[in-house]
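A short write-up of the structure that comes next.
There are 2 protein chains.
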Amino acid sequence: MQDLLFDFISKYVDLTEDEKNAIVSLDIFRSVKKGTILLKEGQKSNDGYFVLKGCIRTYYHIDGEEKSTAFYTEMEGLTPHCVVNKAPSEYYISCIEDSILTVANPEMEAEIFNKFPKFETVCRILSEELLAKQQFNFDEFKLSSPEQRYLSLLQKRPDLLQRVPQHQLASYLGIQPQSLSRLRARIIEKNKR
Amino acid sequence: MQDLLFDFISKYVDLTEDEKNAIVSLDIFRSVKKGTILLKEGQKSNDGYFVLKGCIRTYYHIDGEEKSTAFYTEMEGLTPHCVVNKAPSEYYISCIEDSILTVANPEMEAEIFNKFPKFETVCRILSEELLAKQQFNFDEFKLSSPEQRYLSLLQKRPDLLQRVPQHQLASYLGIQPQSLSRLRARIIEKNKR
DNA sequence: CTCGTTTCTTAACTTAAGTGAACGAATTTA
DNA sequence: TAAATTCGTTCACTTAAGTTAAGAAACGAG
Chain W
229 MQDLLFDFIS KYVDLTEDEK NAIVSLDIFR SVKKGTILLK EGQKSNDGYF VLKGCIRTYY
289 HIDGEEKSTA FYTEMEGLTP HCVVNKAPSE YYISCIEDSI LTVANPEMEA EIFNKFPKFE
349 TVCRILSEEL LAKQQFNFDE FKLSSPEQRY LSLLQKRPDL LQRVPQHQLA SYLGIQPQSL
409 SRLRARIIEK NKR
Chain B
229 MQDLLFDFIS KYVDLTEDEK NAIVSLDIFR SVKKGTILLK EGQKSNDGYF VLKGCIRTYY
289 HIDGEEKSTA FYTEMEGLTP HCVVNKAPSE YYISCIEDSI LTVANPEMEA EIFNKFPKFE
349 TVCRILSEEL LAKQQFNFDE FKLSSPEQRY LSLLQKRPDL LQRVPQHQLA SYLGIQPQSL
409 SRLRARIIEK NKR
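Sequence order for the protein chains is W and B. Just so you know, the first sequence maps onto residues 229 to 421 in this note's numbering. Just so you know, the second sequence maps onto residues 229 to 421 in this note's numbering.
So, in structure tokens, the structure goes:
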């Protein structure tokens, strides 16, 4: 199970047995059941998550409705906003499927960075890469219509359409569930003609 | 001028004279005129930018139109997508005002990280912070209407409304210039009643 | 200062998303 | 397994954004 993590890291740096053991000894691996809420609105936390298996989502409670904004699947990580700004969380994080995660806080990271500086390099490169990709995704979102965003999701993350309930995907696409339903019907209609 | 950078870095770590000199000797400070294009679509580049003074923007050429998606002002930095994915750039970067920037590539960074590891720590923390904030901004964007996004921009970055032509702000808000104009008229009308 | 271009606004019309409600299907839970 | 809840679709209606076009205002180059 932890090999999933080591395989992923090995794309960036080679790990010695010592280093692997240091990570294992941090006891960061967690198995969580579908539906588990990892973080609640208003709560303070220092934990960041990395998904080894399964899927977690972030969502907001607005006017009594859940609005999902992001989904994290295999080999994707999330540092909640509240960890960075040291304020109560604006959103919830929950598990969509039974999942295996790593959970770590900045203190644990500091400890391991101290012992093995190359981990810090990996983390720096990873977050710089993610930041550039995230900016590019944001650009694409701004430049396209709901229909284009749906079609692009269909291309890029077809798995999400299977794993995630449609009404949660709607807010992820920036629209209402009814609009997503209508938009899908429109696309099917177009393809028939 | 370079004190702008050192003041900014000093929020994260203290710098010795040695370290400051090492940065200065990299010769990364650039003064650029308004209108200068720093990166073109299709071009490959390894340069990242950090704005000490002025404003730069990223934009796409779509159907012969410029679509602006991001603006970077004082103490904001940008690593273009093409630096990360080693592919030709999908977008342009240009200067909106006469600006003072730092321009650096990964090799230069590696050099300084090697000499002074604490720079790598600063960069890691900065990009992790930015990533979490960026994700939060993206969430807000998805959850709000064009009108709400405009009002929120008015609150959070009122300077942009002064510095940036309105038709460039439109695509930044994910809408057409005419819609932004209409939307503003609507808001003024509401406030009158 | 003037001419030409760019930028902003307005208007009329089209298209699509938001909203509220209803209904059947699917899923959960008691 | 039955009842209850959640989920997805559809419909009618409202509201706002996209589109096309035209004209006024601001700006910039020569």
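Ideal placement from N, C-alpha and C gives every residue a C-beta, glycine not left out.
Ignore the nearest five residues each way along the sequence and tell me which others in residue i's own chain have a CB closer than 6 angstroms to its CB.
i	result
L359/W	none
L266/W	I321
P316/W	G270 and K272
E375/B	L411
C323/W	V260, K262, T264 and I284
Would you report the Cα separation of residue i and residue j, rounded to the nearest angstrom?
i	j	result
F347/B	Q406/B	45 angstroms
H309/B	K281/W	27 angstroms
E318/W	C351/W	25 angstroms
R410/W	I290/W	23 angstroms
Y300/B	S238/B	21 angstroms
L428/W	L382/W	As displayed, chain W neither begins before 229 nor continues past 421, which places residue 428/W out of reach and without an answer.
E245/W	D255/W	16 angstroms
D387/B	S327/B	16 angstroms
R412/B	K370/B	20 angstroms
V260/B	T349/B	29 angstroms
R258/W	K314/W	24 angstroms
E337/B	D231/B	19 angstroms
E293/B	E335/W	48 angstroms
R377/W	R377/B	19 angstroms
M471/B	I251/W	Limits of chain B in this structure are 229 at one end and 421 at the other, which puts residue 471/B out of reach.
Just confirm the distance between the C-beta atoms of residue i and residue j, as a whole number of angstroms; I'd bet it's less than 8 angstroms.
i	j	result
I321/W	Y240/W	I321/W to Y240/W, Cβ: 25 angstroms. No contact.
A298/B	Q396/W	Contact flag wrong, Cβ pair sits at about 27 angstroms.
V312/W	K384/B	With a Cβ gap of about 17 angstroms, V312/W and K384/B do not count as contacting.
Please confirm whether residue i and residue j have their CB atoms less than 8 angstroms apart.
i	j	result
V331/B	E304/B	no
F341/W	E247/W	no
G276/B	L243/B	no
S355/W	E356/B	yes
N249/W	N333/W	no
For residue i, does the count of other Cβ atoms within 10 angstroms reach 16, so buried, or fall short, so exposed?
i	result
R285/W	buried
L329/W	buried
L401/B	buried
R414/B	exposed
K418/W	exposed
A398/W	buried
F366/B	buried
I416/B	exposed
Excluding the five sequence neighbours on either side, which residues of its own chain have a C-beta within less than 8 angstroms of the C-beta of residue i, listed in chain order?
i	result
S380/B	E368 and S372
E325/W	K262, G282, C283 and R391
Q404/W	A398
F236/B	M303
K268/B	S317 and Y320
Q200/B	Because chain B is modelled from 229 through 421, residue 200/B falls outside the range shown and cannot be assessed.
E339/W	L254
Leaving out five residues on either side along the sequence, give the residues of the same chain with a beta carbon under 7 angstroms from the beta carbon of residue i.
i	result
K295/B	Y287, Y288 and S399
F234/W	L243 and K248
K420/B	none
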